[in-house]
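Single-structure report; data block below.
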Amino acid sequence: MRDDKKKILYLMEYPIDLPGGGQESTKTLCEGIASSGEFEPVVACPSLLSTETEDYDYRIITYPSDENRELSKIRRISNFVRRISHFKKIIEEVRPDLIHVSMSESLITYGFLRVPGFFKDIPFVYTDRGLRTGYRKHSLACIKATMKRAKRLLTTTRYNAELWESEITTPVTVIPNTISDAFLSYDDKGRICARDKYKIPGNMPVIGFAGRISEEKDWGKVPGVVAAIADAGIDFKVALVLSVYEDRDAEIVKEVKEGITAVIGEENLIYMQDLSQKEISDYYYLVDFFIMTSCFESFGKAAVEAMSRKCIVLSTAVGGLPEVIGNKDDLYDMNNLSKLAERIKKLTEDTEAAMRERDMFYKRYTDNYTSDKNIEGHLRVYREILG
24 MRDDKKKILY LMEYPIDLPG GGQESTKTLC EGIASSGEFE PVVACPSLLS TETEDYDYRI
84 ITYPSDENRE LSKIRRISNF VRRISHFKKI IEEVRPDLIH VSMSESLITY GFLRVPGFFK
144 DIPFVYTDRG LRTGYRKHSL ACIKATMKRA KRLLTTTRYN AELWESEITT PVTVIPNTIS
204 DAFLSYDDKG RICARDKYKI PGNMPVIGFA GRISEEKDWG KVPGVVAAIA DAGIDFKVAL
264 VLSVYEDRDA EIVKEVKEGI TAVIGEENLI YMQDLSQKEI SDYYYLVDFF IMTSCFESFG
324 KAAVEAMSRK CIVLSTAVGG LPEVIGNKDD LYDMNNLSKL AERIKKLTED TEAAMRERDM
384 FYKRYTDNYT SDKNIEGHLR VYREILG
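Per my numbering, residue 24 is the first one in the sequence shown, and the count goes up by one each step.
Now the structure itself:
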């Protein structure tokens, strides 16, 4: 006999405990859905990295996956085929009332079941955490074919919604991304404690960079950004946080660290890796200026995390980032780093203007990107589809 509570099955191609925007957003959503008591979330993802399924307040079903599949085409294909089989078995076991596909590769995988007619009695929605323009032709064709059967497409920005609305007839709903509940409360003493912990002298600014290793984050440009700021005559420290997953990531970390220390010296680099959500929420208290160097970004979850800790956020004007940042003065072009350096220099010299910027970003977070707003948006969609 089935429970009266309707089940939502979330399909993922990465472990939910792997640091990253899609995983953390899904985790926060499932925690909120479970707490609401209205629906029962169930997550299907690859084997967990550092946690146990019992650590979560909702059910997690894991399946084996090749974490180094990107090393060869044969491994990618074989892993994809196996994932199709795993998804089929899990859906048959869970018998969900609704399927929520959380990632693009998972949608393509699910499409190989749904398009031929499997599970056509189960409605599904897809959250596009990327951008429609970021998909290769064959991936886009698979996504569009699958989305013909979907009840709803969810996007994190209006920018991406408009891109999709010109391509598909599936209804599109914008639900801005959110961040972990570890960021919920702001500690007025957090910045003081963080600076004391790392012995930051006086009012020396700390420049922050954080995120997972991926091509989209353009980590190779970070040393050049650091050099441009140093050339503007600013004394500063860099606080760098990276999340690694694949074997090749370690070499990228090494190159980024060496590039930064070549400019400002090893004593001025604070490096951390693979932080928990609590640890990274504390990290942002250390940061005065948080910089995003992305060459492609659908939303920019790290920008919202920084906003929640009253950081001044400076970003490339790509994808959905301008919509999230909301202030053109805080956007820069990688081909004109002098604007970025001048912006930082001006705000380090005008403490009142810097404080206004901090308050503006914090208000932007509370007005638009809290977990409560994100969860309520999803609940509305689930209710509309399931009645």
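For every residue, glycine included, the Cβ atom is placed at its ideal position computed from N, Cα and C.
Since residue i and residue j should fall inside the 8 Å C-beta cutoff, what is the C-beta to C-beta distance between them, to a whole number of angstroms?
| i | j | result |
| --- | --- | --- |
| Ile83 | Ile145 | Contact flag wrong, Cβ pair sits at about 20 Å. |
| Asp241 | Thr316 | 5 Å |
| Met126 | Gly60 | With a Cβ gap of about 26 Å, Met126 and Gly60 do not count as contacting. |
| Val261 | Ile303 | The Cβ separation is near 16 Å, so there is no contact. |
| Ser394 | Gly55 | 6 Å |
| His109 | Tyr86 | 4 Å |
| Val327 | Tyr385 | 11 Å between Cβ atoms; not a contact. |
Name the residue from the options whose alpha carbon lies nearest to the alpha carbon of residue i.
| i | options | result |
| --- | --- | --- |
| Lys333 | Phe312, Gln300 and Asp353 | Phe312 |
| Asp89 | Arg105, Leu298 and Glu77 | Arg105 |
| Ala205 | Gly400, Tyr405 and Glu47 | Glu47 |
| Glu281 | Pro246, Asp272, Ala255 and Ala251 | Pro246 |
| Ala164 | Arg387, Phe135 and Gly400 | Phe135 |
| Lys244 | Glu346, Ser237 and Met357 | Met357 |
| Ala340 | Lys324, Asp27, Cys318 and Arg387 | Cys318 |
| Lys160 | Val66, Ile131, Gly256 and Thr49 | Ile131 |
| Gly342 | Phe259, Asp270, Gly157 and Asp219 | Gly157 |
| Ile107 | Met295, Phe141 and Asp120 | Phe141 |
| Glu269 | Gln300, Arg235, Lys171 and Glu278 | Arg235 |
Looking at residue i: is its Cβ nearer than 8 Å to the Cβ of residue j?
| i | j | result |
| --- | --- | --- |
| Asn183 | Arg155 | yes |
| Trp187 | Val197 | no |
| Leu263 | Leu309 | no |
| Val124 | Leu34 | yes |
| Lys370 | Ile408 | For the sequence presented, residue 370 should be read as Leu rather than Lys. Going by C-beta atoms, Leu370 is not nearer than 8 Å to Ile408. |
| Thr178 | Arg137 | no |
| Leu354 | Val248 | no |
| Asp305 | Ala217 | yes |
| Ser331 | Gly153 | no |
| Phe147 | Ile122 | yes |
| Arg175 | Val404 | yes |
| Leu52 | Asn397 | yes |
| Gly364 | Ile252 | It is worth fixing the name first, because residue 364 is Ala in this sequence and not Gly. Closer than 8 Å, so yes. |
| Arg379 | Leu337 | no |
Taking residue i as part of the alpha helix (DSSP H), name the residues at either end of that continuous run.
| i | result |
| --- | --- |
| Pro345 | Leu344 to Ile348 |
| Ser59 | Gly44 to Ser59 |
| Phe110 | Lys96 to Val117 |
| Phe384 | Thr374 to Asn391 |
| Thr196 | Segment Val195 to Val197 is the beta strand (DSSP E) holding Thr196; no alpha helix (DSSP H) there. |
| Met170 | Lys160 to Met170 |
How far does the beta strand (DSSP E) with residue i in it reach, from first residue to last?
| i | result |
| --- | --- |
| Gly234 | Val229 to Arg235 |
| Asp151 | Phe147 to Asp151 |
| Ser338 | Ile335 to Thr339 |
| Thr85 | Arg82 to Tyr86 |
| Ala67 | Phe62 to Pro69 |
| Met295 | Leu292 to Gln296 |
| Tyr33 | Lys29 to Leu34 |
Run the proximity test for residue i: is its beta-carbon closer than 7 Å to any non-hydrogen atom belonging to the ligand GTP?
| i | result |
| --- | --- |
| Val276 | You won't find the ligand GTP in this model; it holds no ligand whatsoever. |
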